[in-house]
Structures are given as C-alpha cells and as structure tokens.
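K.L.:
Residue numbers (UniProt numbering): 1 to 146.
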C-alpha cells in the first residue's frame, strides 16, 4: 500500500514534443529533459520542450552537467534540476548551489537532485553518497545503474 499518489516520471531521451504528449497519455506526471541532448544551454528547443510539458500540466526534470545548463533550464521554466556526471557530490552541488532557494527568498526556488550512478563493485557506495548529498543541500537523489 502507498500512503498517497505515486508520481510517474518518464525517463527517456526526449527530443520531440510528441514524446512528451505520449508520456502524458500513458500516465506520466513528469518527464526528464537532458539539456545537453537538446543542444546545450543555447538551445531554443529547451524552452519549447519545457513549455510543451507545462501545457500538459507535467513537471520537467532538467538533466544538466554544468552551471550554464542549469541556469538555462531554470530560465526556460524548469523547477527540478538533476545534476548528471560522476563527479563528487560537492562538485555537483556547485552546479546548482546558486539556483537553490536562499534565506532572503530572492533566488529562484529549484529542487536540486543529485543523479547518482550505482556502481556494481562499490558495495552500496551510492547510499553514502545520498547522505552526503543531503548534507550538502541537495533536495533529492536519483540512483540509477545507467
């Protein structure tokens, strides 16, 4: 039993608005959009994709690798930013630290996610990395094997 609704995130290589519509039709509440795949921070397609998801009342999880992509994602309207890569958690947090809500409420409110790659040979190292991520200021972690 679940205590409430279980949000579904479509985690795919999304390059077209039709994919977003299909995800919604199949019950997804959110979609991942990799900023780098769309052409990076300078891509106009990013805004189109975020707008398409918003028009369908879906959340966008913007996947980024650097601060420039993170800023572009937030400027396009994304409120959830997932930092990809194999860097240490502290390095990954630097990518989103300037975007996370601060004390005076003058900065955008962004949910910062550390995307952790599970390592088969590291005996649950991702669990320790999740705790470190929380202590750094990440709001969530996303653990995957690919």
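For each residue, glycine too, the CB sits at the ideal point set by N, CA and C. All figures in this text were calculated on a predicted structure; none of them were measured in a lab.
Short check: CB of residue 96 to CB of residue 143, under 9 Å?
P.N.:
Locating residue 96 in the chain shown gives position 96, counting from the first residue. Locating residue 143 in the chain shown gives position 143, counting from the first residue. No.
K.L.:
I'd like the ranges of any beta strand (DSSP E) spanning at least 3 consecutive residues and lying wholly in the UniProt domain "Indole-3-glycerol phosphate synthase" (6-83).
P.N.:
DSSP runs (the beta strand (DSSP E)) wholly in the UniProt domain "Indole-3-glycerol phosphate synthase" (6-83): 30-34, 59-64 and 80-83.
K.L.:
Report the partner residues of residue 142 according to the DSSP bridge assignment.
P.N.:
In the chain shown, residue 142 corresponds to position 142, counting from 1. Note: residue 142 sits in a beta bridge opposite 115.
K.L.:
Can the beta-carbon of residue 49 be found closer than 9 Å to that of residue 56?
P.N.:
Along the chain shown, read from residue 1 onward, the residue named residue 49 stands at position 49. Along the chain shown, read from residue 1 onward, the residue named residue 56 stands at position 56. Not a contact, by the Cβ cut-off of 9 Å.
K.L.:
Please report the straight-line C-alpha distance between residue 25 and residue 9, rounded to a whole angstrom.
P.N.:
Counted from its first residue, the chain shown places residue 25 at position 25. Counted from its first residue, the chain shown places residue 9 at position 9. The alpha-carbon atoms of residue 25 and residue 9 are separated by roughly 13 Å.
K.L.:
Can you grab the Cα-Cα spacing for the pair residue 61 / residue 47, in whole Å?
P.N.:
As a first step, residue 61 is located in the chain shown; it is residue number 61 there, counting from the start. As a first step, residue 47 is located in the chain shown; it is residue number 47 there, counting from the start. Each residue's alpha carbon lies about 13 Å from the other.
K.L.:
Just verifying my parser: in three-state terms, what is the DSSP assignment at residue 88?
P.N.:
Here residue 88 refers to the residue found at position 88 of the chain shown. If DSSP states are grouped into helix, strand and coil, residue 88 belongs with coil.
K.L.:
What would DSSP say about residue 133, mapped onto helix, strand or coil?
P.N.:
For the purposes of this step, residue 133 is taken as residue 133 along the chain shown, with counting starting at 1. It is helical.
K.L.:
Would you tell me roughly how many angstroms separate the C-alpha atoms of residue 132 and residue 91, rounded to the nearest one?
P.N.:
As a working mapping, residue 132 is identified with position 132 in the chain shown. As a working mapping, residue 91 is identified with position 91 in the chain shown. The straight-line gap from Cα to Cα measures roughly 12 Å.
K.L.:
From 135, 52 and 125, pick the residue whose C-alpha is nearest to that of residue 14; which is it?
P.N.:
Counting from one through the chain shown, the residue named residue 14 turns up at place 14. Of 135, 52 and 125, the residue nearest in Cα terms is 52.
K.L.:
Give me the residue from 75, 127, 126 and 85 with the minimum Cα distance to residue 109.
P.N.:
Here residue 109 refers to the residue found at position 109 of the chain shown. Looking at the Cα atoms, 75 is the closest of the given residues.
K.L.:
Going by CA-CA distance only, name the one from 71, 99 and 117 that's closest to residue 84.
P.N.:
Here residue 84 is taken as the residue at index 84 of the chain shown, counted from 1. The option with the nearest alpha carbon to residue 84 is 117.
K.L.:
Please say whether residue 68 and residue 40 have beta carbons closer to each other than 9 Å?
P.N.:
As a first step, residue 40 must be located in the chain shown, where it is residue number 40. As a first step, residue 68 must be located in the chain shown, where it is residue number 68. In contact: residue 40 and residue 68 (Cβ atoms closer than 9 Å).
K.L.:
Assuming the contact rule is C-beta atoms closer than 8 Å, residue 99 and residue 113 should be a hit. Round their C-beta distance to whole Å, please.
P.N.:
Residue mapping note: residue 99 aligns to position 99 of the chain shown, counting from 1. Residue mapping note: residue 113 aligns to position 113 of the chain shown, counting from 1. About 12 Å separates the two Cβ atoms, so there is no contact after all.
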